[in-house]
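*Asks:*
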Amino acid sequence: MNCDTSSLKAELKQELTSILAVMQQSLLALDQAEGCLLGTFDEIRSRFSRLETTAASFYLQCYLAPYSSTYTDLSLAVSHLAQKRQGALVVMEREDSVAPFLQAGIPIGAVLSHSLLESIFFPGSPLHDGAVYIRGDQIVSAANVLPLSQITVGEKKLGTRHRAALGLSEQCDALIIVVSEETGKASFALQGRLYPIITHM
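In structure tokens:
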């Protein structure tokens, strides 16, 4: 896996080392029966949650880079859409063809750019509902309908975009990015799992 994300990698290493130090201190405190560790566990859980978001952002770039030279445009568009809380659903085809799993939308046939992608998901745009399908550096089509997953995450019922992202990721190796219009949070689905990502640039 080859991608230029050295700063994110350094951040991951630093945070993992820091968490490891806290865990080692907890082990010592446990051996010496000093104090209550519940607060420490809460801190570790919170730090692991932030670490997962950082790691997902790192791997997102790694997963996209081999399949598109315009992945930075995609990342920029996702960041802008998240900041403006504009819902989005983007399918990046990888090795498997996604065509058999899509209910085809409107053909686009244009080179991917962040401005074009953002305009597609502008509220009120005739193409903003459904998924944008990207192959390589091309936006193939927009307003595609994806299969919905039946998965639930804990007690929380997933929205249609997230269920669609998971549904397609259960069928093929595509990477699907989702931006929630309710929260502005972004995540990606891969192999039937959702991962939160950092959207500040």
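Here the sequence shown stands for residues 1 to 201, numbered as in full-length UniProt numbering.
Each residue gets a CB set at the ideal place from its N, CA and C atoms; glycine is no exception.
The beta strand (DSSP E) with Gln-138 in it runs from where to where?
*Replies:* Segment 138-144, the beta strand (DSSP E) holding Gln-138.
*Asks:* If I measure Cβ to Cβ from Leu-102 and keep anything under 6 Å in the same chain, skipping five residues before and after, which residues do I get?
*Replies:* The residues are Asn-144.
*Asks:* Give the single residue among Tyr-59, Lys-9, Ser-169 whose Cα lies nearest to the Cα of Val-90.
*Replies:* Closest by alpha carbon: Ser-169.
*Asks:* Hey, Val-98 and Ala-189 are a contact pair by Cβ (cut 8 Å); roughly how many whole angstroms apart?
*Replies:* That pair is no contact at about 12 Å.
*Asks:* To which residues of the same chain is Ser-119 closer than 8 Å at the C-beta, ignoring the five residues directly before and after it?
*Replies:* Ser-125, listed in sequence order.
*Asks:* Just list the beta strand (DSSP E) runs in the UniProt domain "DAC" (41-200), keeping only unbroken ones of 3 residues or longer that don't cross its boundaries, in chain order.
*Replies:* Counting whole runs of 3 or more residues, the UniProt domain "DAC" (41-200) contains the beta strand (DSSP E) stretches 88-92, 106-111, 131-135, 138-144, 175-179, 186-190, 193-197.
*Asks:* Mind reading off the beta-carbon distance from Thr-40 to Ser-49? Whole number of angstroms is fine, and I expect it under 8 Å.
*Replies:* Thr-40 to Ser-49, Cβ: 15 Å. No contact.
*Asks:* Would you tell me roughly how many angstroms separate the C-alpha atoms of Arg-135 and Ser-141, rounded to the nearest one?
*Replies:* So the alpha carbons of these two residues sit roughly 10 Å apart.
*Asks:* Are the beta-carbon atoms of Ala-88 and Phe-58 separated by less than 7 Å?
*Replies:* Not closer than 7 Å, so no.
*Asks:* Suppose you measure from the CA of Ile-19 to the CA of Ile-44; what does that come to, to the nearest Å?
*Replies:* Taking the straight line joining both Cα atoms gives about 7 Å.
*Asks:* If you measure between the beta carbons of Tyr-67 and Arg-94, is that distance less than 7 Å?
*Replies:* Yes, the Cβ-Cβ distance between Tyr-67 and Arg-94 is below 7 Å.
*Asks:* Counting only the same chain and skipping the five closest in sequence on each side, list residues whose C-beta sits under 7 Å from that of Ser-69.
*Replies:* So the qualifying residues of the chain are Asp-137.
*Asks:* Shortest alpha-carbon distance to residue 202 belongs to which of Thr-53, Ala-55, Ser-113?
*Replies:* Any question about residue 202 goes unanswered here, given that the chain covers just 1 to 201.
*Asks:* Report the residue from Val-178, Arg-47, Lys-9, Pro-123 whose alpha carbon sits nearest the alpha carbon of Ala-21.
*Replies:* Of Val-178, Arg-47, Lys-9, Pro-123, the residue nearest in Cα terms is Arg-47.
*Asks:* Output the distance between the C-alpha atoms of Ser-187 and Tyr-63, rounded to the nearest integer angstrom.
*Replies:* The alpha-carbon atoms of Ser-187 and Tyr-63 are separated by roughly 14 Å.
*Asks:* Three-state secondary structure (DSSP) at Leu-37?
*Replies:* If DSSP states are grouped into helix, strand and coil, Leu-37 belongs with coil.
*Asks:* By alpha-carbon positions, which one of Ile-176, Thr-53, Thr-17, Gln-86 ends up nearest to Ala-123?
*Replies:* Here residue 123 is Pro; the residue named in the question, Ala, does not match the sequence. Comparing Cα positions, the closest option is Gln-86.
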